[in-house]
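In this note's numbering, the protein residues as written are 1455 to 1775. Glycine included, each C-beta is placed from N, C-alpha and C at the ideal position.
Below, the structure written as C-alpha coordinates:
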(Lines of atoms letter the chains of each structure in order from A and count residues from 1; the text may use other names and numbers.)
(Lines give C-alpha, C1' and ligand atoms only; values in the text may rest on other atoms or scores of the structure.)
Protein backbone atom coordinates (compact mmCIF):
# COMPACT_ATOMS: atom_id res chain seq x y z
CA UNK A 1 0.00 0.00 0.00
CA UNK A 2 2.85 2.35 0.88
CA UNK A 3 4.60 1.53 -2.41
CA UNK A 4 1.44 2.30 -4.40
CA UNK A 5 0.94 5.55 -2.54
CA UNK A 6 4.53 6.55 -3.27
CA UNK A 7 4.05 5.96 -7.02
CA UNK A 8 0.74 7.89 -7.18
CA UNK A 9 1.94 10.85 -5.14
CA UNK A 10 1.19 13.99 -7.16
CA UNK A 11 4.01 16.30 -8.21
CA UNK A 12 4.29 19.93 -7.22
CA UNK A 13 1.48 22.18 -8.46
CA UNK A 14 3.97 24.93 -9.38
CA UNK A 15 7.19 24.12 -11.20
CA UNK A 16 10.36 25.56 -9.73
CA UNK A 17 11.49 28.91 -11.10
CA UNK A 18 13.98 28.69 -13.96
CA UNK A 19 17.16 30.57 -13.28
CA UNK A 20 19.24 32.90 -15.40
CA UNK A 21 18.19 35.13 -18.26
CA UNK A 22 15.65 32.61 -19.52
CA UNK A 23 13.80 32.56 -16.23
CA UNK A 24 13.87 36.34 -15.84
CA UNK A 25 12.55 36.93 -19.37
CA UNK A 26 9.87 34.28 -18.92
CA UNK A 27 8.67 35.94 -15.72
CA UNK A 28 8.72 39.36 -17.38
CA UNK A 29 6.64 38.21 -20.37
CA UNK A 30 4.20 36.42 -18.06
CA UNK A 31 3.65 39.58 -16.02
CA UNK A 32 3.51 41.83 -19.11
CA UNK A 33 1.97 39.91 -22.03
CA UNK A 34 1.58 43.12 -24.05
CA UNK A 35 5.36 43.45 -24.09
CA UNK A 36 5.66 40.01 -25.68
CA UNK A 37 3.05 40.95 -28.28
CA UNK A 38 4.93 44.16 -29.03
CA UNK A 39 8.22 42.31 -29.55
CA UNK A 40 6.53 39.79 -31.88
CA UNK A 41 4.90 42.51 -33.97
CA UNK A 42 7.90 44.82 -34.04
CA UNK A 43 9.79 43.24 -37.01
CA UNK A 44 6.83 43.18 -39.45
CA UNK A 45 5.69 46.63 -38.28
CA UNK A 46 9.16 48.04 -38.87
CA UNK A 47 9.28 46.41 -42.30
CA UNK A 48 5.86 47.76 -43.24
CA UNK A 49 6.46 51.18 -41.71
CA UNK A 50 9.98 51.86 -42.95
CA UNK A 51 10.31 49.94 -46.20
CA UNK A 52 6.76 50.18 -47.57
CA UNK A 53 5.07 53.23 -46.02
CA UNK A 54 8.37 55.12 -45.82
CA UNK A 55 9.19 54.58 -49.49
CA UNK A 56 5.60 55.42 -50.46
CA UNK A 57 5.75 58.64 -48.44
CA UNK A 58 9.08 59.54 -50.03
CA UNK A 59 7.56 58.98 -53.48
CA UNK A 60 4.49 61.07 -52.71
CA UNK A 61 6.72 63.80 -51.34
CA UNK A 62 8.27 64.05 -54.80
CA UNK A 63 4.89 65.06 -56.23
CA UNK A 64 5.16 68.42 -54.46
CA UNK A 65 8.42 69.17 -56.29
CA UNK A 66 8.68 70.34 -59.88
CA UNK A 67 10.97 69.82 -62.84
CA UNK A 68 12.97 72.72 -64.21
CA UNK A 69 11.96 73.16 -67.84
CA UNK A 70 15.38 74.44 -68.92
CA UNK A 71 17.86 72.24 -67.02
CA UNK A 72 15.61 69.20 -66.55
CA UNK A 73 16.64 69.01 -62.88
CA UNK A 74 14.24 68.57 -59.98
CA UNK A 75 13.44 71.79 -58.13
CA UNK A 76 13.03 70.69 -54.50
CA UNK A 77 10.74 73.50 -53.41
CA UNK A 78 7.19 72.73 -52.37
CA UNK A 79 4.75 73.65 -55.12
CA UNK A 80 1.49 72.49 -56.69
CA UNK A 81 2.76 73.10 -60.22
CA UNK A 82 3.12 69.35 -60.88
CA UNK A 83 -0.53 68.78 -59.99
CA UNK A 84 -1.39 71.57 -62.39
CA UNK A 85 0.47 69.65 -65.09
CA UNK A 86 -1.50 66.56 -64.10
CA UNK A 87 -4.71 68.39 -65.02
CA UNK A 88 -3.61 68.99 -68.59
CA UNK A 89 -5.80 67.46 -71.29
CA UNK A 90 -3.34 64.71 -72.26
CA UNK A 91 -2.84 63.57 -68.66
CA UNK A 92 -6.55 63.74 -67.86
CA UNK A 93 -7.16 61.57 -70.91
CA UNK A 94 -4.78 58.94 -69.48
CA UNK A 95 -6.57 59.01 -66.11
CA UNK A 96 -10.04 58.82 -67.68
CA UNK A 97 -8.98 55.95 -69.99
CA UNK A 98 -7.55 53.94 -67.07
CA UNK A 99 -10.53 54.46 -64.76
CA UNK A 100 -12.97 53.61 -67.57
CA UNK A 101 -11.09 50.40 -68.40
CA UNK A 102 -10.97 49.43 -64.71
CA UNK A 103 -14.72 50.00 -64.35
CA UNK A 104 -15.54 48.02 -67.50
CA UNK A 105 -13.29 45.13 -66.47
CA UNK A 106 -14.90 45.06 -63.02
CA UNK A 107 -18.42 45.11 -64.46
CA UNK A 108 -17.69 42.37 -67.00
CA UNK A 109 -15.92 40.22 -64.38
CA UNK A 110 -18.94 40.47 -62.08
CA UNK A 111 -21.33 39.39 -64.87
CA UNK A 112 -19.17 36.41 -65.84
CA UNK A 113 -18.30 35.43 -62.26
CA UNK A 114 -21.83 35.37 -60.81
CA UNK A 115 -23.25 32.31 -62.64
CA UNK A 116 -19.99 30.41 -62.14
CA UNK A 117 -19.93 31.23 -58.43
CA UNK A 118 -23.64 30.45 -58.07
CA UNK A 119 -23.21 27.00 -59.58
CA UNK A 120 -20.22 26.29 -57.35
CA UNK A 121 -22.05 27.47 -54.22
CA UNK A 122 -25.38 25.74 -54.86
CA UNK A 123 -24.77 22.64 -56.94
CA UNK A 124 -21.10 21.63 -56.85
CA UNK A 125 -20.40 19.01 -54.20
CA UNK A 126 -17.45 16.83 -53.30
CA UNK A 127 -15.25 16.09 -56.27
CA UNK A 128 -16.95 18.67 -58.46
CA UNK A 129 -16.28 21.44 -55.95
CA UNK A 130 -12.63 20.40 -55.79
CA UNK A 131 -12.48 20.58 -59.59
CA UNK A 132 -14.08 24.01 -59.42
CA UNK A 133 -11.41 25.36 -57.08
CA UNK A 134 -8.71 23.71 -59.17
CA UNK A 135 -10.05 25.26 -62.37
CA UNK A 136 -10.27 28.72 -60.79
CA UNK A 137 -6.87 28.61 -59.11
CA UNK A 138 -4.93 26.87 -61.90
CA UNK A 139 -4.49 30.03 -64.05
CA UNK A 140 -3.08 31.83 -61.00
CA UNK A 141 -0.29 29.23 -60.70
CA UNK A 142 1.09 29.92 -64.17
CA UNK A 143 3.41 32.77 -65.06
CA UNK A 144 1.81 36.17 -65.48
CA UNK A 145 3.91 37.02 -68.54
CA UNK A 146 3.36 33.62 -70.13
CA UNK A 147 -0.41 34.11 -69.96
CA UNK A 148 -0.19 37.57 -71.52
CA UNK A 149 2.06 36.49 -74.38
CA UNK A 150 -0.16 33.45 -74.96
CA UNK A 151 -3.13 35.79 -75.33
CA UNK A 152 -1.12 37.98 -77.69
CA UNK A 153 -0.70 34.97 -79.98
CA UNK A 154 -4.38 34.03 -79.61
CA UNK A 155 -5.58 37.55 -80.47
CA UNK A 156 -3.09 38.17 -83.29
CA UNK A 157 -4.28 38.56 -86.87
CA UNK A 158 -2.86 35.11 -87.65
CA UNK A 159 -4.03 33.70 -84.29
CA UNK A 160 -6.43 30.90 -83.49
CA UNK A 161 -9.36 33.25 -82.78
CA UNK A 162 -9.18 34.79 -86.23
CA UNK A 163 -8.84 31.32 -87.75
CA UNK A 164 -11.92 30.11 -85.83
CA UNK A 165 -14.03 33.09 -86.91
CA UNK A 166 -12.95 32.53 -90.50
CA UNK A 167 -14.07 28.89 -90.29
CA UNK A 168 -17.44 30.05 -88.93
CA UNK A 169 -17.72 32.68 -91.68
CA UNK A 170 -17.84 35.43 -89.04
CA UNK A 171 -14.68 37.25 -90.00
CA UNK A 172 -16.77 40.12 -91.31
CA UNK A 173 -18.05 40.68 -87.78
CA UNK A 174 -14.52 40.93 -86.38
CA UNK A 175 -13.44 43.27 -89.19
CA UNK A 176 -16.46 45.48 -88.56
CA UNK A 177 -15.70 45.66 -84.86
CA UNK A 178 -12.02 46.42 -85.42
CA UNK A 179 -12.94 49.24 -87.80
CA UNK A 180 -14.70 51.10 -84.97
CA UNK A 181 -12.82 54.00 -83.36
CA UNK A 182 -11.47 53.70 -79.78
CA UNK A 183 -12.19 49.96 -79.43
CA UNK A 184 -10.71 48.80 -82.75
CA UNK A 185 -7.30 48.44 -84.36
CA UNK A 186 -5.36 46.40 -86.90
CA UNK A 187 -6.07 43.25 -84.89
CA UNK A 188 -7.38 42.28 -81.47
CA UNK A 189 -3.83 42.09 -80.12
CA UNK A 190 -3.29 45.81 -80.83
CA UNK A 191 -6.69 47.13 -79.80
CA UNK A 192 -8.44 48.29 -76.65
CA UNK A 193 -10.77 45.33 -77.00
CA UNK A 194 -7.82 42.94 -76.71
CA UNK A 195 -6.57 44.77 -73.63
CA UNK A 196 -10.05 44.46 -72.10
CA UNK A 197 -10.27 40.72 -72.85
CA UNK A 198 -6.91 39.97 -71.28
CA UNK A 199 -7.66 42.10 -68.21
CA UNK A 200 -10.90 40.20 -67.62
CA UNK A 201 -9.22 36.83 -68.07
CA UNK A 202 -6.32 37.58 -65.71
CA UNK A 203 -8.37 39.13 -62.87
CA UNK A 204 -11.53 36.99 -63.15
CA UNK A 205 -10.51 34.49 -60.40
CA UNK A 206 -10.24 37.37 -57.94
CA UNK A 207 -13.93 38.10 -58.56
CA UNK A 208 -15.24 34.53 -58.59
CA UNK A 209 -13.91 33.45 -55.19
CA UNK A 210 -15.40 36.30 -53.06
CA UNK A 211 -18.75 36.02 -54.86
CA UNK A 212 -18.79 32.25 -54.34
CA UNK A 213 -18.01 32.73 -50.62
CA UNK A 214 -20.83 35.28 -50.30
CA UNK A 215 -23.35 33.02 -52.08
CA UNK A 216 -22.48 30.09 -49.82
CA UNK A 217 -23.59 32.20 -46.85
CA UNK A 218 -27.06 32.70 -48.37
CA UNK A 219 -29.45 30.21 -46.70
CA UNK A 220 -31.09 27.96 -49.26
CA UNK A 221 -34.47 28.26 -47.56
CA UNK A 222 -34.62 31.96 -48.51
CA UNK A 223 -34.52 31.07 -52.21
CA UNK A 224 -37.11 28.33 -51.66
CA UNK A 225 -39.34 30.70 -49.68
CA UNK A 226 -39.17 33.27 -52.46
CA UNK A 227 -40.25 30.62 -54.98
CA UNK A 228 -43.04 29.38 -52.69
CA UNK A 229 -44.39 32.92 -52.42
CA UNK A 230 -44.75 33.08 -56.18
CA UNK A 231 -41.66 35.10 -57.09
CA UNK A 232 -40.21 34.53 -60.53
CA UNK A 233 -36.53 33.56 -60.88
CA UNK A 234 -35.75 37.12 -61.95
CA UNK A 235 -37.54 38.57 -58.92
CA UNK A 236 -35.74 36.11 -56.63
CA UNK A 237 -32.43 37.20 -58.09
CA UNK A 238 -33.19 40.92 -57.70
CA UNK A 239 -34.74 40.72 -54.23
CA UNK A 240 -32.86 37.87 -52.53
CA UNK A 241 -29.68 36.66 -54.22
CA UNK A 242 -28.21 39.89 -55.53
CA UNK A 243 -28.59 41.98 -52.35
CA UNK A 244 -27.07 39.20 -50.23
CA UNK A 245 -24.26 38.55 -52.72
CA UNK A 246 -23.50 42.26 -53.23
CA UNK A 247 -20.82 42.42 -50.48
CA UNK A 248 -18.98 39.59 -52.22
CA UNK A 249 -19.24 41.36 -55.57
CA UNK A 250 -17.89 44.57 -54.06
CA UNK A 251 -15.10 42.60 -52.36
CA UNK A 252 -14.12 41.06 -55.68
CA UNK A 253 -14.31 44.44 -57.37
CA UNK A 254 -11.66 45.74 -54.98
CA UNK A 255 -9.19 43.36 -56.60
CA UNK A 256 -10.29 43.70 -60.22
CA UNK A 257 -10.59 47.49 -60.07
CA UNK A 258 -7.36 48.20 -58.21
CA UNK A 259 -5.27 45.68 -60.17
CA UNK A 260 -6.49 47.06 -63.49
CA UNK A 261 -5.94 50.60 -62.25
CA UNK A 262 -2.26 50.04 -61.55
CA UNK A 263 -1.25 47.48 -64.17
CA UNK A 264 1.10 48.59 -66.93
CA UNK A 265 2.36 45.30 -68.37
CA UNK A 266 -0.85 44.18 -70.10
CA UNK A 267 -1.41 47.52 -71.91
CA UNK A 268 2.29 47.53 -72.82
CA UNK A 269 2.11 44.13 -74.54
CA UNK A 270 -1.49 44.03 -75.76
CA UNK A 271 -3.21 47.18 -76.87
CA UNK A 272 -2.68 50.46 -78.65
CA UNK A 273 -0.12 53.19 -78.07
CA UNK A 274 -2.53 55.08 -75.82
CA UNK A 275 -1.12 55.14 -72.30
CA UNK A 276 -2.59 54.01 -68.99
CA UNK A 277 -1.62 55.35 -65.56
CA UNK A 278 0.91 52.60 -64.91
CA UNK A 279 2.59 53.20 -68.26
CA UNK A 280 2.61 56.96 -67.62
CA UNK A 281 4.34 56.47 -64.28
CA UNK A 282 6.89 54.16 -65.88
CA UNK A 283 7.62 56.48 -68.82
CA UNK A 284 7.78 59.67 -66.74
CA UNK A 285 10.09 58.15 -64.16
CA UNK A 286 12.27 56.21 -66.60
CA UNK A 287 12.35 57.70 -70.10
CA UNK A 288 11.35 61.30 -69.40
CA UNK A 289 13.05 61.53 -66.00
CA UNK A 290 10.15 63.59 -64.62
CA UNK A 291 9.91 61.97 -61.20
CA UNK A 292 7.56 64.65 -59.72
CA UNK A 293 4.97 64.05 -62.45
CA UNK A 294 5.36 60.28 -62.08
CA UNK A 295 4.75 60.67 -58.33
CA UNK A 296 1.71 62.85 -59.00
CA UNK A 297 0.32 60.12 -61.27
CA UNK A 298 0.71 57.60 -58.42
CA UNK A 299 -1.46 59.78 -56.20
CA UNK A 300 -4.44 59.31 -58.54
CA UNK A 301 -5.02 55.54 -57.97
CA UNK A 302 -4.23 55.94 -54.26
CA UNK A 303 -6.94 58.58 -53.86
CA UNK A 304 -9.42 56.67 -56.02
CA UNK A 305 -8.86 53.42 -54.10
CA UNK A 306 -9.10 55.27 -50.79
CA UNK A 307 -12.64 56.39 -51.60
CA UNK A 308 -13.40 53.00 -53.14
CA UNK A 309 -12.32 51.10 -50.01
CA UNK A 310 -14.27 53.51 -47.82
CA UNK A 311 -17.44 52.80 -49.80
CA UNK A 312 -16.73 49.06 -49.88
CA UNK A 313 -16.31 48.97 -46.10
CA UNK A 314 -19.68 50.67 -45.63
CA UNK A 315 -21.25 47.96 -47.80
CA UNK A 316 -19.74 45.16 -45.72
CA UNK A 317 -17.38 44.00 -48.44
CA UNK A 318 -14.56 43.24 -46.01
CA UNK A 319 -16.70 40.58 -44.33
CA UNK A 320 -16.85 38.71 -47.64
CA UNK A 321 -13.09 38.61 -48.17
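{"query": "Going by DSSP, which residues form a beta bridge with residue 1520?", "result": "1529"}
{"query": "Please state the DSSP three-state secondary structure of residue 1455.", "result": "Below a pLDDT of 50, predicted positions are generally treated as unreliable, and residue 1455, at 46, falls in that range; the measurement from the model is reported next regardless. Coil."}
{"query": "Can you grab the Cα-Cα spacing for the pair residue 1623 / residue 1689, in whole Å?", "result": "39 Å"}
{"query": "Do residue 1519 and residue 1746 have their C-beta atoms within less than 9 Å of each other?", "result": "yes"}
{"query": "Please state the DSSP three-state secondary structure of residue 1726.", "result": "coil"}
{"query": "Touch check for the region 1660 to 1669 and the region 1701 to 1721: three-plus C-beta pairs under 8 Å?", "result": "yes"}
{"query": "If we call anything under 9 Å between Cβ atoms a contact, is residue 1711 one with residue 1560?", "result": "yes"}
{"query": "With a 10 Å radius around its C-beta and 16 neighbouring C-beta atoms as the bar for buried, classify residue 1630 as buried or exposed.", "result": "exposed"}
{"query": "From this set, 1572, 1542 and 1479, which residue's C-alpha is nearest residue 1750's C-alpha?", "result": "1542"}
{"query": "Would you mind giving the Cβ-Cβ distance between residue 1720 and residue 1656, rounded to the nearest angstrom? I have them listed as a contact below 8 Å.", "result": "7 Å"}
{"query": "Roughly how many angstroms lie between the CA atoms of residue 1588 and residue 1660, to the nearest whole one?", "result": "14 Å"}
{"query": "Count Cβ pairs between the region 1671 to 1681 and the region 1613 to 1627 that sit closer than 8 Å; are there 3 or more?", "result": "no"}
{"query": "How many angstroms separate the CA atom of residue 1685 from the CA atom of residue 1591?", "result": "35 Å"}
{"query": "If we call anything under 9 Å between Cβ atoms a contact, is residue 1641 one with residue 1627?", "result": "no"}
{"query": "Between which two residues does the alpha helix (DSSP H) carrying residue 1733 extend?", "result": "1731 to 1739"}
{"query": "Considering Cα atoms alone, identify which of 1507, 1713, 1482 and 1492 is closest to residue 1563.", "result": "1713"}
{"query": "Please state the DSSP three-state secondary structure of residue 1686.", "result": "coil"}
{"query": "Kindly indicate which three-state DSSP category residue 1669 falls into: helix, strand or coil?", "result": "helix"}
{"query": "Can you give me the C-alpha to C-alpha distance between residue 1715 and residue 1680, rounded to a whole angstrom?", "result": "39 Å"}
{"query": "Got a sec? Which residues, its chain only, sit under 7 Å from residue 1570 by beta carbon, not counting five neighbours each side?", "result": "1662"}
{"query": "Using only the alpha-carbon positions, how far apart do residue 1556 and residue 1650 sit?", "result": "9 Å"}
{"query": "For residue 1594, collect the residues of the same chain with a Cβ closer than 8 Å to its Cβ; drop the 5 residues on either side in sequence, then sort them by chain order.", "result": "1659"}
{"query": "Grab the span of the alpha helix (DSSP H) containing residue 1639 for me, first residue to last.", "result": "Note, residue 1639: premise wrong, no alpha helix (DSSP H); not H, not E."}
{"query": "Can you tell me where the alpha helix (DSSP H) holding residue 1691 begins and where it ends?", "result": "Note, residue 1691: premise wrong, no alpha helix (DSSP H); not H, not E."}
{"query": "What are the boundary residues of the alpha helix (DSSP H) that includes residue 1591?", "result": "1581 to 1595"}
{"query": "Does the beta-carbon of residue 1506, which I'm using as the reference point, lie nearer than 8 Å to any heavy atom of the ligand NAP?", "result": "The ligand NAP is not part of the structure shown, which contains no ligands of any sort."}
{"query": "Is residue 1744 helix, strand or coil when you go by DSSP?", "result": "coil"}
{"query": "Between the alpha carbons of residue 1717 and residue 1597, how many angstroms are there, rounded?", "result": "15 Å"}
{"query": "Are residue 1753 and residue 1517 close, meaning C-beta to C-beta below 9 Å?", "result": "yes"}
{"query": "Could you please give the first and the last residue of the uninterrupted alpha helix (DSSP H) stretch that includes residue 1631?", "result": "1625 to 1632"}
{"query": "Could you name the residues of the same chain whose beta carbon sits closer than 7 Å to that of residue 1608, not counting the 5 residues immediately before and after it, in chain order?", "result": "1614 and 1615"}
{"query": "In angstroms, rounded to a whole number, what distance separates the CA positions of residue 1479 and residue 1582?", "result": "52 Å"}
{"query": "Would you mind sorting residue 1488 into buried or exposed? The rule is 16 or more other CB atoms within 10 Å of its CB.", "result": "exposed"}
{"query": "What residue range does the alpha helix (DSSP H) around residue 1610 cover?", "result": "No alpha helix (DSSP H) holds residue 1610; DSSP gives it neither H nor E."}
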